[in-house]
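If you're matching positions, the sequence shown starts at 1 in UniProt numbering and goes up one per residue. Ideal placement from N, C-alpha and C gives every residue a C-beta, glycine not left out. Predicted model only: the values in this text are computed from it and were never measured.
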Amino acid sequence: MIDEYKLENNSWILKLYESRLKWCVVFSKDTFSADIRSTQRSESTNNVFQDMACKTMTLTEFFYHYEKNAVKMREKEVEDDFDSARGKPKVVVKRYGLLNHASSVYTHTIFRMVQHEFIQSLSEHVVDTSQEGTISRYMLKCEGGKREHKSKGWLCRHALRVLNVCIKAKRIPEQYVLKRWTKGAKR
Numbered sequence: 001m002i003d004e005y006k007l008e009n010n011s012w013i014l015k016l017y018e019s020r021l022k023w024c025v026v027f028s029k030d031t032f033s034a035d036i037r038s039t040q041r042s043e044s045t046n047n048v049f050q051d052m053a054c055k056t057m058t059l060t061e062f063f064y065h066y067e068k069n070a071v072k073m074r075e076k077e078v079e080d081d082f083d084s085a086r087g088k089p090k091v092v093v094k095r096y097g098l099l100n101h102a103s104s105v106y107t108h109t110i111f112r113m114v115q116h117e118f119i120q121s122l123s124e125h126v127v128d129t130s131q132e133g134t135i136s137r138y139m140l141k142c143e144g145g146k147r148e149h150k151s152k153g154w155l156c157r158h159a160l161r162v163l164n165v166c167i168k169a170k171r172i173p174e175q176y177v178l179k180r181w182t183k184g185a186k187r
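Here it is as structure tokens:
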């Protein structure tokens with residue numbers, strides 16, 4: 001396309017191509033993003049300001065509403081932290097040690113996402129296995145190859161399937177538990 005439209009020397013196109021890792025999801029699968037795209041960040045910020053500002057509002061009124069909104073957001077965060085520290089979230093399928101471990105480690109919000117992936121993992125099938133010395137290799141059919149652990153910070157359904165069924169793990173290995181999503185992240 002660049003050749004077709006003779007854009008090889010276009011500085012804007014070249015800069016855009018050089019920064020593709022920042023804006024193109026395909027190139028950023030190995031980059032941690034907590035599953036938030038840059039447009040979502042600005043849309044979320046815009047929504048916060050949209051709800052508390054209007055054309056006739058004075059700057060003093062705006063700051064009053066801004067502070068009030070910031071207090072609400074902080075209170076919500078404290079409530080969520082309290083809920084996570086106080087107990088375990090509801091585990092849908094109790095007989096799996098892996099899921100019980102996740103409920104005791106992750107915040108409630110992240111646990112719900114991990115639990116969703118775990119439930120999805122129950123329908124995944126191991127296509128092939130092989131053994132080379134002490135290394136076991138498991139093959140699953142993976143649509144899209146999301147690499148969720150690297151981009152979101154928690155394991156995808158395929159990894160959970162291997163841990164749960166093939167290895168029969170009762171705990172998520174420590175190297176796959178991102179501290180930022182744990183109950184003890186703020187300590």
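#1: DSSP beta-bridge partners for residue 196?
#2: With three or more C-beta pairs closer than 8 Å as the rule, is the segment 114–133 touching the segment 159–173?
#3: Does any residue of chain D bring its CB to less than 7 Å from the CB of residue 86?
#4: Distance, Cα to Cα, residue 70 vs residue 12?
#5: Could you tell me the distance, in whole angstroms, from the CA atom of residue 89 to the CA atom of residue 9?
#6: CB-CB under 7 Å to residue 138, same chain, minus the five flanking residues each way: which ones, in chain order?
#7: Exposed or buried, what is residue 198 when buried is set at 16 or more other beta-carbons lying within 10 Å of its beta-carbon?
#8: Can you grab the Cα-Cα spacing for the pair residue 171 / residue 105, in whole Å?
#9: Determine the direct distance from the alpha carbon of residue 159 to that of residue 140, and round the result to whole angstroms.
#10: Which whole runs of the alpha helix (DSSP H) in the segment 80–162 are 4 residues long or more, in chain order?
#11: Near residue 189, what residues of its chain come up, given a Cβ to Cβ distance below 8 Å and the 5 sequence neighbours on each side ignored?
#12: Go ahead and label residue 107 buried or exposed: buried means 16 or more other beta carbons lie within 10 angstroms of its beta carbon, across all protein chains shown.
#13: Quick check: the Cα distance between residue 82 and residue 47, rounded to an integer number of angstroms?
#14: On the CB-based measure, 16 or more other CB atoms within 10 Å of its CB, does residue 53 come out buried or exposed?
#15: Could you check the C-alpha separation between residue 132 and residue 76 for me, to the nearest Å?
#16: Could you name the residues that DSSP lists as bridge partners for residue 182?
On the basis of the data shown:
#1: Any property of residue 196 remains undetermined from this structure, which presents the chain solely from 1 to 187.
#2: Verdict: yes, contact present.
#3: The chain inventory of the structure shown lacks chain D, comprising one protein chain alone.
#4: Mapped onto the sequence shown, residue 70 falls at position 70. Mapped onto the sequence shown, residue 12 falls at position 12. In this model, residue 70 and residue 12 are separated by some 38 Å (Cα to Cα).
#5: For the purposes of this step, residue 89 is identified with residue 89 of the sequence shown, where counting begins at 1. For the purposes of this step, residue 9 is identified with residue 9 of the sequence shown, where counting begins at 1. Taking the straight line from one Cα to the other gives about 56 Å.
#6: Reading the sequence shown from its first residue, position 138 is the one you call residue 138. So the qualifying residues of the chain are 126, 129, 162 and 166.
#7: No statement about residue 198 is possible, as the shown extent of the chain runs from 1 to 187 and does not include it.
#8: Locating residue 171 in the sequence shown gives position 171, where the first residue counts as 1. Locating residue 105 in the sequence shown gives position 105, where the first residue counts as 1. Rounded to whole angstroms, residue 171 to residue 105 spans 10 Å at the Cα level.
#9: Residue numbering aside, residue 140 sits at position 140 when the sequence shown is read from its first letter. Residue numbering aside, residue 159 sits at position 159 when the sequence shown is read from its first letter. A direct Cα-to-Cα measurement between residue 140 and residue 159 gives close to 9 Å.
#10: With a minimum length of 4 residues, the continuous alpha helix (DSSP H) runs that stay inside the segment 80–162 are 97–105, 108–121, 148–151 and 157–161.
#11: This structure cannot speak to residue 189, because the chain is shown only from 1 to 187.
#12: What you label residue 107 is simply residue 107 of the sequence shown in a count that begins at 1. Counting the other CB atoms within 10 Å of its CB gives residue 107 a total of 16 or more, which places it among the buried residues.
#13: By 1-based counting over the sequence shown, the position of residue 82 is 82. By 1-based counting over the sequence shown, the position of residue 47 is 47. Approximately 26 Å, taken between the alpha carbons.
#14: As a working note, residue 53 is residue 53 in the sequence shown. In the assembly as shown, residue 53 is an exposed residue. Its beta-carbon has fewer than 16 other beta-carbons within 10 Å.
#15: In the sequence shown, the residue the question calls residue 132 occupies position 132. In the sequence shown, the residue the question calls residue 76 occupies position 76. Between residue 132 and residue 76, the C-alpha separation is close to 50 Å.
#16: Here residue 182 corresponds to residue number 182 of the sequence shown, with the count starting at 1. According to DSSP, residue 182 shares a beta bridge with 106.
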